[in-house]
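Peer 1:
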Amino acid sequence: MRLDPRTLGVSDAVVQLENVRFAYRAGVDALRDVDLQFERGELTALIGNNGSGKSTLMKLIVGLLKPTEGRVVVDGADTRGAKVSTLAQKIGFIFQNPNDQLFSNSVEEEVAFGLRNLGLPPDEIERRLEATLEQFGLVDQRGLFPRFLSRGDKQKVCIASIVAMRPSVLLLDEPTTGQDHRDSRQILELATRLNEGGMTVLLVTHDLINVAEYARRVIVLNDGVLVRDGPTADVMADEALLASCSLVAPQIVRLSLRLADLGLPLALRTPDLTDAARAWLRGPRPVSPIYPC
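In our numbering, the protein residues as written are 734 to 1026.
(1) Please state the DSSP three-state secondary structure of M734.
(2) Is it true that the CB of L980 sits closer than 9 angstroms to the CB of L941?
(3) Tell me whether R1002 sits in a helix, a strand or coil according to DSSP, three-state version.
(4) Cα separation between S901 and T777?
(5) Tell me the DSSP secondary structure of S1021 in three-state form.
(6) Taking contact to mean at least 3 C-beta pairs separated by less than 8 angstroms, is the region 772 to 788 in contact with the region 941 to 952?
(7) Have a look at G911 and R884 and give me their C-alpha separation to the nearest angstrom.
(8) Would you mind working out which of N943, R899 and F826 sits nearest L848, comparing C-alpha positions?
(9) At 4 residues or longer, and completely inside the region 758 to 827: list those alpha helix (DSSP H) runs for me, N to C.
(10) Once the 5 residues before and after A970 are set aside, which same chain residues still bring their CB inside 6 angstroms of it?
(11) Kindly give me the distance between the Cβ atoms of T865 and V840, rounded to whole angstroms, as I take these residues to be in contact under 8 angstroms.
(12) Could you give the residue range of the alpha helix (DSSP H) that holds A885?
(13) Give the secondary structure of L935 by DSSP, where H, G and I count as helix, E and B as strand, and everything else as coil.
(14) For N783 and N830, I'd like the C-alpha separation in whole angstroms.
(15) Who pairs with L903 in a beta bridge, going by DSSP?
(16) Leaving out five residues before and five after P879 in sequence, what residues of the same chain have Cβ atoms less than 7 angstroms from its Cβ?
(17) Does DSSP put C1026 in a helix, a strand or coil?
(18) Please say whether L988 and F1001 have beta carbons closer to each other than 9 angstroms?
Structure, rendered in structure tokens:
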């Protein structure tokens, strides 16, 4: 069961964007008038078509870009004055291609690299390293060259190397791109477990099936403008909004909407629709005037 942020005992925003505008060059805004905040413990999906501003928003949050106007605050630090290295201790960024993030000669060296950069004592580095390898199921792979692993396991090593540093927020940029179904689920289930442990997770993806199944909140960007921010079910059910952004709800959601006239509730996942249909079939049936029972 996924945790509600309110159950974590804190209600302060861990990431805030206030009236943010960003332009790569004068007169061409990649983002404009964006107001957002993420509470601790949320699992939020950021969606939009290509060029909508998703990657720009991510780079602003991690401090790789500075807002042209407005401000971004991460765990109390204004990114305009904070070093990227400082922000990296607060927020972890997982690249779309894991090969862009892996550079060490073994899995354990990869996981330990960030810990050493934090200047932790050797015994603390060792303790965190062993705990993280165990947490991510990487003990048997600790001596392997990371680039020899499957794409899914490479992504897992990238996440482990970030989580070992204990950031408040984890940003996942298209983590299932190029992954098969097994590896995609492995990464998303891992993100869910981290979220259940209290970590704020922001998922950027084009895969609305995964959004429907894993996210509790969805933010929609279109041409640099925030056009919707709400519960996943509400956003997925708004077919007109999604169509205006060149997006299509998952097939199971669309089927569920077509069955709404029968009294079936909106379903985001296949098991939910199956359970609802079974309950409907077991319920009282109206008597047909042509074929009375």
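For every residue, glycine included, the Cβ atom is placed at its ideal position computed from N, Cα and C.
No experiment lies behind these values; they were computed from the predicted model shown.
Peer 2: Once the coordinates are examined:
(1) Model confidence at M734 stands at a pLDDT of 34, short of 50, so the residue's coordinates are unreliable and nothing is read from them.
(2) yes
(3) The answer is coil: DSSP assigns R1002 none of H, G, I, E or B.
(4) 14 angstroms
(5) Since pLDDT at S1021 reaches only 46, below the 50 mark, its modelled position is unreliable, and the value read off the structure follows with that caveat. Coil, per DSSP.
(6) yes
(7) 8 angstroms
(8) R899
(9) 787 to 795 and 817 to 820
(10) L999
(11) So it is not a contact: roughly 10 angstroms between Cβ atoms.
(12) The sequence shown places Gly at residue 885, not Ala. Here the alpha helix (DSSP H) through G885 covers R884 to V896.
(13) strand
(14) 17 angstroms
(15) For L903, which the question treats as bridged, DSSP gives the partners G825 and V934.
(16) Cβ contact annotation for P879 (same chain, cutoff 7 angstroms, sequence separation greater than five): L835, S837, V840, E843, K887 and V890, in chain order.
(17) Confidence at C1026 is low in this model, with a pLDDT of 45, below 50, so its placement is unreliable and no value can be given for it.
(18) Position check: residue 1001 holds Leu in this sequence, whereas Phe was assumed. Taking 9 angstroms as the Cβ cut-off, L1001 and L988 do not qualify as a contacting pair.
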